[in-house]
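Novice: Protein chains in written order, with our numbering: chain G, 178 to 337; chain Y, 13 to 653; chain P, 26 to 286.
Just so it is clear, CB atoms sit at the ideal spot from N, CA and C, and this is done for glycine as well.
None of the values given here were measured: they were computed from a predicted structure.
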Amino acid sequence: MAKTPITFTLNDSEVALFADHGAALIDVLRRGVGDLTPKQGCAQGTCGACTVLIDGKPHLSCLTLAETVEGRRIDTVGGLANGRDLDVLQTTFMEGFAAQCGFCTAGMLLAAKSLLERVPNPDRAEVIEAISGNLCRCTGYEPIVDAILLAAAKMQGRAV
Amino acid sequence: MSSVEFRKDLFANERDDTLKEIGKPTIRQDILGHVTGRTPFYDDHLFDGLLHMRAVRSPHHHAQIRSIDTSAAERMPGVRRVATAKDVPHNLNTLLSLIGFGRDDEPLCAHDKVRYLGEAVAWVIADTERQARDACAAVRVDYSVLPHVLDPEEALQPNAPVVNEVYPNNTFDYHNTYDHQKLRFGDVNAAFARADHVIEAEYQMSPIEQAPIETCGAIAAPETNDRYVCHTNTQALFFSLGTTAKLLDIASSRLHFIGGTVGGGFGGKVDSVVEPTAVLGAMLTGRPVKFAWDRYEEMQVGAPRGAERWRLKDGLTRDGKIIARELTGFFDSGAYMRLSPYAIIKGTGHVPGPYFIPNVASNVFCCITNRTPATAMRGFGITAVDFAIECQMDRGAEAVGMNPIEFRILNAYRDGDMKAHRRKAKNTALIECCQVAAGKANWPISAEAAAQSSLTGGGTPERVAIPETVIDSEGRIGERRAGRTSSTSPAKNGTGRVPAGTHGVAVSGAPVQNPDMQIDAERIGHRMGAEPVSAPPVAAAPGVPVRPAAAPSYQAPQPTPPIAAPSGPATPSYAQPAPPTSAPAQAPTPAPAQPASYAPQPASPPTPPAAQPAPYAPAQPFSRGVKRPGSSPFTSGIRRR
Amino acid sequence: MLSVETYQTMAEAAGAMTDRSRFLGGGTLVMRAVNYGDQSFDRIIRSRQIENSIRSESGGIRIGAGATMADILASREVSFLHQVARLIGGPAIRNMATVGGNLFAPHPYGDLATALLALDARVVMTNGQAEPMESFLAGRSHARNLVTAVIVPNVSETEFRFAKISRVKPKGVALLSVAAWLRRGDVRLAWGGMGPTPLRSKAAERALSSGGQLDEAGIAPALAICTQDLQPADDALATAWYRREVAPVHLKRLLLNGGRL
């Protein structure tokens, strides 16, 4: 089976490995690197559970040909926390019951993180737009939107 | 936590509000794993040399299999094994055989015919998923297409194609007697004759796919102690273990099932198809094998909540009382029975809904069609009939010119009332739910309706009596297909009468399917059996298992399945938490000649609160994370190679 | 056996294309097919050099085939296309999906292609030739060359309107979409989801172009015949009957409400 060498940065670490021809990024991350945080929900780009950040922007790792990330920077939820210190978003999700089964959560967090980096003070409609590519079958979305808005407020010092 | 409101005023004396955890919001113990991406779903376990298993699936709803040619697939790169029906040691099962209910009707892999679109006819196990897909495309199956039926009532017609020869009438055989489940209570036809309004309507629901974000899947691997380990996202770990043991003819003790982490189930992860398949793959190859559905398979092959059709007929008096309700229901079980026969019984126990109706008759059919086999989803067996009942209630309110909420409160059952399946209602709360909902929606209800209570007015002699009941023997097994019966509704003319006051017959529990899963209580010092009723009203010591007491039931020879609704993880019956042993505090002693109406009660009813209370707020802010000594936010079990 | 071949230029990549190959743009359609084991191709062709700029030219605005929906949304040159790009997929899809890919997107996708058809865009191939959008779409299943860019006219936001009709919002596939370029006396109407490719309803265009106000009475003749040149079919999203029923309703809202539904 032909393989392609790829190197990229994953959550501030250098990764170098060989990927099967035609392999999607999600398989390379999960089974190649062992980062199990992006989840496979549909393999067709409709659920968003596989969302990762490539050069800071949300992409669907199930639809990304692995070798196209050569030399780029990838962020997953695995890199969100700083050791034991959780990111503000992770805390507000926990305290706001913004996850039940947890399968969509990694994708939601990265979509939210990407939003707050570009729009530190989003309104509700902007949050909904930012997570519009991430499906959740458990929570009904409201706790997720609330948690993201609360995280934005906390990061701006408008809430504790 | 902003959306939880505790109505602690309601049924306050039935609760102990001094408990430290119960009744108080708390942080989920698994949410730290969710937000760090570390919750170990079944696919988050890495195995060296993992093989990928995929199924070859029927493109036809109904067809004979003339031949299967796997020779091309076997030669393709990366293919380790191609398997068919003959590789399954015991290729016939039904899920409910776990509790001795029903007949084995479903193969894990089709062999002589396929009965629904997407049914598996062969499997390929290969090094990569892509190779498995390519090889599946190379398997050649020669089908002889048969006529199919996709509607439950069409399946009952005498000339409908026979879908499953185990049930040649396209219905489940109830009690070895009837092709449907009957419920009879009182005399609906006499009541219709004296009713002021008779309302008939039909309701139906299409199949509904649970669509969890995580699809069904399992990874199985040989362990070194002659066992197979299976990581699975089933909602029903012991169902899956028992089913795998039977299909693969392997001792239960050789199966090591690890699960309970479900990426959304909603009832769609109880049918135990992927686990036997994955374990079979591990058995055939001696390697770790993953078998999971992709999104297309989850939609098409994954069991949905089955389609249902209901016809309701209500008889009302002009003052708004429902005096009779007749129901005819059709469950579309799809090509195989799985859990549906139980759903019909659950639904039957549910009718006529949370209302006191002194005459009830229902016929419910469990039909076989060429649709995808159906399963549980959120309120298994009762969702569609409740939809029908509540729409019917609105029609009834309109017919008598009543406020629909007041109409429901008028007809609501109360503690002590006799239900149609001959058990007394207890812990009823429909009235309070209506009152609170009306308040929240600013929907005006009369002061009289606002003053009603579930705790009073029920269980009067009139409401607790089991009436003389008209029965019939229409719809015996085989009559319909032979053209001797065509009506599906409860018979217009009865053929017998059961005396008033006749209770149902108590049934005993069912034996477990796999003797090696039976609890050997004495050997391991495990206490079993119910606590004595006179025990003080405190929570039983944790871990004390209770076998649910046999209860009177309307159905005679068939054992009542003692399993809980499969929308949560199923546990063996011995592990039920002890039921509260205190006698209910309300114990209504109704005044004699208490009509079931809005006569003002002598005792002051609980007054609904005038103003909405503030939403519950915890006394202390939530702690961040699970505080257990030594717990690390990165702990998650087997994670790396 | 799936292979990936990467070429230095689009021209080389175009030369490598066969019946059993697909060109990788953003991957939103090709990788989906790969993931589901699509047996119709076994070679993925990539090009290192791909045009993704958006810039004004003498003939209009040139949009590189490799430009993504997000690139469109970030470019002020094509602000009239923002209303289209913002409705395609979710944020992640918009970072990936390319203009070139959308030209080949099968039903029910291809919202941007519908808009480009209404704008009379020209499609530039790797051999330098430019083809009108309409004939490109008619022959796209036989296309051997690769697309390097599209050229759209510079239109004002008031002249160009687009509506995407979908049940799920904000992100959901369209059961139909309609684009309108409203120049006085020269109207273009293109529809998505009403045929195997985006199609123009030329009879309705003529009715709208023949003078008359954009008011209820003025557009009535066009509404009556707006599906005449279209070929809606039954599919999982909607029946042909439904599409024909609602098309004039949505067109009316598009024309009268300034594009707001």
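Please name the residues in the segment 97-112 of chain P whose beta-carbon is closer than 7 Å to at least one beta-carbon of chain G, in chain order.
Specialist: Those residues of the segment 97-112 of chain P that come within reach of chain G (Cβ to Cβ, closer than 7 Å) do not exist; the list is empty.
Novice: Closer than 7 Å, CB to CB, is residue 317/G near chain P or not?
Specialist: With 7 Å as the cut-off, residue 317/G does not count as an interface residue toward chain P.
Novice: Quick check on residue 182/G - is its C-beta less than 7 Å from some C-beta in chain P?
Specialist: No - not a single Cβ of chain P is within 7 Å of the one on residue 182/G.
Novice: Return the residues of the segment 248-259 of chain G that lie within a Cβ-Cβ distance of less than 8 Å from chain Y, sorted by chain order.
Specialist: Correct list: 253, 254, 255, 257 and 258.
Novice: Suppose the cutoff is 8 Å on Cβ atoms and the five residues either side in sequence are ignored; what does the same chain contact list for residue 416/Y look like?
Specialist: Cβ neighbours of residue 416/Y beyond the five flanking positions: 405, 406, 409 and 410.
Novice: So if I threshold CB-CB distances at 9 Å, which residues from the segment 121-142 of chain Y count as touching chain G?
Specialist: So the list reads 139, 140, 141 and 142, given in the order they occur along the chain.
Novice: What whole-angstrom Cβ distance do residue 273/Y and residue 51/Y have, given they're in contact under 8 Å?
Specialist: With 8 Å as the limit, residue 273/Y and residue 51/Y qualify as a contact, their Cβ atoms being about 6 Å apart.
Novice: For residue 310/Y, I'd like the list of residues in its chain whose CB is within less than 6 Å of its CB, leaving aside the five on either flank, ordered along the chain.
Specialist: Counting only Cβ-Cβ distances below 6 Å, and skipping sequence neighbours, we find 227.
Novice: For residue 504/Y, count the other beta carbons within 10 Å of its own beta carbon; 16 or more makes it buried, fewer makes it exposed. Which is it?
Specialist: Flag for residue 504/Y reads exposed.
Novice: Using a C-beta to C-beta distance shorter than 9 Å, which residues of chain A count as neighbours of residue 307/Y?
Specialist: You won't find chain A in this structure, because its protein chains are G, Y and P.
Novice: Residues of the segment 270-286 of chain G in Cβ contact with chain Y at a cutoff of 8 Å, in chain order, please.
Specialist: Within the segment 270-286 of chain G, the residues whose Cβ lies closer than 8 Å to some Cβ of chain Y are 270, 271, 272, 273, 274, 276, 277, 278, 279, 280, 281, 282, 283 and 286, listed in chain order.
Novice: What does a CB cutoff of less than 6 Å around residue 207/G pick up in its chain, not counting 5 residues either side in sequence?
Specialist: Taken in chain order, the residues that qualify are 213.
Novice: Look at the alpha carbon of residue 219/G and the alpha carbon of residue 183/Y, and state the distance between them as a whole number of angstroms.
Specialist: Computed Cα separation, rounded: 35 Å.
Novice: Can you tell me whether residue 449/Y is buried or exposed? The criterion is at least 16 other CB atoms within 10 Å of its CB, across all chains shown.
Specialist: The residue in question, residue 449/Y, is exposed, as its Cβ has fewer than 16 Cβ neighbours within 10 Å.
Novice: If I follow the unbroken beta strand (DSSP E) through residue 194/Y, where does it start and stop?
Specialist: Where residue 194/Y is concerned, the enclosing beta strand (DSSP E) stretches over 193-197.
Novice: Would you tell me roughly how many angstroms separate the C-alpha atoms of residue 322/G and residue 234/G, rounded to the nearest one?
Specialist: About 19 Å.
Novice: Comparing the C-beta of residue 41/P with each C-beta of chain G, is any distance below 7 Å?
Specialist: Chain G contact via Cβ: absent.
Novice: Spell out a yes or no on whether the segment 375-395 of chain Y and the segment 187-197 of chain Y are touching, meaning 3 or more CB-CB pairs, one atom from each, closer than 8 Å.
Specialist: Short answer: they touch.
Novice: With 7 Å as the C-beta to C-beta threshold (strictly closer), list the residues of the segment 111-137 of chain P near chain G in chain order.
Specialist: Listed by position, the residues of the segment 111-137 of chain P near chain G (Cβ gap below 7 Å) are 114, 115, 116, 117, 118, 120 and 121.
Novice: Check residue 10/Y in the structure and name its three-state DSSP category.
Specialist: A question about residue 10/Y goes unanswered here, because the residues of chain Y that appear run from 13 up to 653.
Novice: At a CB distance below 7 Å, what residues from the segment 207-234 of chain Y approach chain G? Give them in sequence order.
Specialist: So the list reads 223, 224, 225 and 226, given in the order they occur along the chain.
Novice: Check whether the Cβ atoms of residue 235/P and residue 255/P lie closer than 7 Å to each other.
Specialist: Not in contact: residue 235/P and residue 255/P (Cβ atoms no closer than 7 Å).
Novice: Which first and last residues belong to the beta strand (DSSP E) in which residue 48/P is found?
Specialist: Counting along the chain, the beta strand (DSSP E) containing residue 48/P begins and ends at 46-48.
Novice: Using DSSP with H/G/I as helix, E/B as strand and the rest coil, what is residue 151/Y?
Specialist: Residue 151/Y: coil per DSSP, three-state reduction.
Novice: Taking 7 Å as the cut-off, decide whether the C-beta atoms of residue 123/P and residue 151/P are in contact.
Specialist: In this structure, residue 151/P does not lie closer than 7 Å to residue 123/P by Cβ.
Novice: Assuming residue 389/Y contacts residue 106/Y under a Cβ cut-off of 8 Å, what Cβ separation, rounded to an integer in Å, is found between them?
Specialist: Actually they do not touch by this definition, with Cβ atoms about 19 Å apart.
Novice: Using a Cβ-Cβ cut-off of 7 Å (strictly less than) and excluding sequence neighbours within five positions of residue 523/Y, which residues of its own chain qualify?
Specialist: For residue 523/Y, where only same-chain residues beyond five positions count, the Cβ hits under 7 Å are 112.
Novice: Can you check whether the C-beta of residue 306/G is within less than 7 Å of a C-beta belonging to chain P?
Specialist: Yes, residue 306/G lies at the interface with chain P (some Cβ there is under 7 Å from its Cβ).
Novice: Enumerate in chain order the residues of its own chain whose CB-to-CB distance from residue 28/P is below 6 Å, with the five nearest sequence positions on each side excluded.
Specialist: Excluding positions up to five away in sequence, the list reads 68.
Novice: Alpha helix (DSSP H) containing residue 670/Y: first to last residue?
Specialist: Outside the displayed span of chain Y (13 to 653) sits residue 670/Y, for which this structure offers no information.
Novice: Going by C-alpha distance, which of 483/Y, 453/Y, 197/Y and 162/Y is nearest residue 344/Y?
Specialist: Considering only alpha carbons, the answer is 162/Y.
Novice: With a threshold of 7 Å between beta-carbons, can residue 304/Y be considered close to chain P, or not?
Specialist: False, the Cβ-Cβ gap to chain P never drops below 7 Å.
Novice: Only counting the same chain, and skipping five residues up and downstream in sequence, which positions put a Cβ closer than 8 Å to that of residue 316/Y?
Specialist: Excluding sequence neighbours, residue 316/Y sits near 219, 220, 221, 222, 280, 384, 386, 387 and 389.
Novice: Provide the residue(s) that pair with residue 68/Y in DSSP beta bridges, ordered along the chain.
Specialist: 134/Y.
Novice: Is it true that the segment 283-290 of chain G meets the segment 311-326 of chain G, where meeting means three or more beta-carbon pairs spaced less than 8 Å apart?
Specialist: Touching, yes.
Novice: Near residue 131/Y, which residues of its chain fall below 6 Å by C-beta distance, leaving aside the five closest residues on each side in sequence?
Specialist: Correct list, in chain order: 70 and 122.
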